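So the sequence shown is numbered by the numbering used here: it starts at -6 and just counts up by one.
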Amino acid sequence: MMTTRAVVRGVGHYLPERIVPNSWFEDKIETSDEWIKSRSGIERRRFAADGETTSQMAAKAASNVLDMAGFQADDIDAIIVATSTPDLTFPSAATMVQAELGMTRGFAFDIQAVCAGFVFALSQANALILSGQAERVIVIGAETFSRILDWEDRGTCVLFGDGAGALILEASNGDGSNADRGILATDLHSDGRHRDILYVDGGVSTQSTGTLQMQGKEVFRHAVEKLVKTAHTSLAKLGLQGDDIDWLVPHQANLRIIKSTAQKMGVEMARVIVTVQDHGNTSAASIPLALSTGVAEGRITTGDLVVTEAIGGGLAWGSVILRW
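In structure tokens, the structure reads:
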């Protein structure tokens, strides 16, 4: 039976020029390159330049993916930006991207689900396409987490970086089988009872910016359990298992979380895209950055079954399965 699928037509990214190695932190806090690598797998990350904003990075990633896919801005019906670090309280970063691209039609909006933001945004873009409200959607994850870090907290400030990644989804016809290209299954969750293990202690209504606060051990425990479960739920919707996955592209938060999740899913690390060593945790940008890297390196190719999964503050978590 003919069915509509949201198919990936291109992927791209943008990273700030400034590379910050682990050694940069050594004369600022009690830490070392070895300590950071052993606990997170991170070796370096990028920080946005002074005056460089989330929407600017998002627009550059979007421009790159438009070029890759061979589209013009006005070929796009909608822009969704997943971010927890927008330029302004309002308007949305997405409308700023829309203006920067010169897109004079369609609509744009932000999604805030922290590190799970890109998975949530993919799901919403898929829904827009399946409902007929949009034919082509740019989905972007972009963050400047370096602006909300406590530089005296060695447990958090060494973990995060800045960047942006984007992909284009386009409506296409499929036969309704797992062999179709495009998004095949999604699974989303949140549980506000766990807000205190990962949050920023400020915001508009408290008239402060705040900094990121995290209970690392609790986050780790929830992350592995919930990421494995959501991935299995999405796979079960398709009658698939871990052996059927060509590429696992997880949120790049911590190498230990990535390895533990892959092991419990029965996916060997050779089939996992890992970029955390170079980017750190870029929150909503981490999955599209990893996807773009995997494609650029020739690993992710047309027809591959890709599983993405992420968890972030809220807690919010979920997974998306797509055939590239």
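Yeah, the Cβ is synthetic: ideal placement off N, Cα and C, and Gly gets one too. Values in this document were obtained by computation on a predicted structure and should not be read as measured data.
For Asn166, DSSP records a beta bridge to Thr(-3).
Within the same chain, and ignoring the five residues on either side of Ala309 in sequence, the residues whose Cβ sits closer than 6 Å to its Cβ are Ala106, Ala109, Ser183.
Between Arg(-2) and Gly167 the beta-carbon gap is near 4 Å, inside 8 Å, which marks them as a contact. Taking a cut-off of 8 Å on C-beta distances, the segment 184 to 195 does not touch the segment 7 to 22, as fewer than three cross pairs fall below it. Under the 8 Å Cβ criterion, the segment 170 to 183 does not count as touching the segment 126 to 137, having fewer than three qualifying pairs.
Around the C-beta of Gln117, 16 or more other C-beta atoms lie within 10 Å, and the residue is accordingly described as buried.
Taking a C-beta distance under 7 Å as the contact criterion, Leu121 and Pro281 do not qualify as a contact pair.
In the three-state reduction of the DSSP assignment, Asp70 falls in the coil class.
Remark: C-beta atoms of Gly34 and Val269 approach each other more closely than 7 Å. By the neighbour-count definition (other C-beta atoms within 10 Å, threshold 16), Lys210 is an exposed residue.
Boundaries of the beta strand (DSSP E) around Trp240: 240 to 243.
By the criterion of a C-beta distance shorter than 6 Å, Asn119 is surrounded in its chain by Ala(-1), Ile176, once the five residues flanking it on both sides are discounted. Rounded to whole angstroms, the Cβ separation of Ala303 and Val112 is 5 Å, and the two are in contact under 8 Å. Shown here for Lys53: same chain residues with a beta carbon closer than 6 Å to its own, the five before and five after excluded, namely Tyr7 in chain order.
Only buried fits Asp155, as 16 or more other CB atoms lie within 10 angstroms of its CB. Pairing Leu298 with Asp239 gives a Cβ-Cβ distance under 7 Å. For Met207, the enclosing beta strand (DSSP E) begins and ends at 205 to 207. For the 7 Å CB-CB criterion, Ile251 and Ala216 do not form a contact. With a beta-carbon spacing of about 13 Å, Thr301 and Val288 fall beyond the 8 Å limit used to define contacts.
At a Cβ-Cβ threshold of 7 Å, Ala86 and Thr76 count as neighbours.
By the 16-neighbour rule on beta-carbons within 10 angstroms, Pro9 is buried. Under the rule that a run must span 3 or more residues, the beta strand (DSSP E) segments found entirely inside the segment 188 to 231 read 191 to 193, 205 to 207. Met61 and Ser170 have their alpha carbons spaced roughly 28 Å apart. In this structure, Gly99 lies away from Asn57, with their beta-carbon atoms at least 7 Å apart. Phe83 counts as exposed, since fewer than 16 other C-beta atoms from the protein chains shown sit within 10 angstroms of its C-beta. Taking a 10 Å sphere around the C-beta of Lys230, we find fewer than 16 other C-beta atoms and assign the residue as exposed. From the listed residues Gln256, Asp143, Thr47, the smallest Cα separation to Thr137 is found for Thr47. Separation of Asp143 and Thr(-4) (C-alpha to C-alpha, rounded to the nearest whole angstrom) is 48 Å. Distances from the CA of Gly296 to each of Glu290, Met207, Trp317, Arg37 were compared; the closest alpha carbon is that of Trp317. In terms of Cβ geometry, Gly158 and Ala71 do not form a close pair [threshold 7 Å]. The closest CA to that of Lys30, considering only Leu81, Ala42, Ser16, is found on Ser16.
For the pair Glu93 and Ser201, the Cα-to-Cα distance works out to about 29 Å. Nearest to Leu284 by C-alpha distance, out of Ile266, Leu228, Val74, His272, is Ile266.
Separation of Ile69 and Val1 (C-alpha to C-alpha, rounded to the nearest whole angstrom) is 13 Å. Thr223 is a Cβ neighbour of Gly311, given a cutoff of 7 Å.
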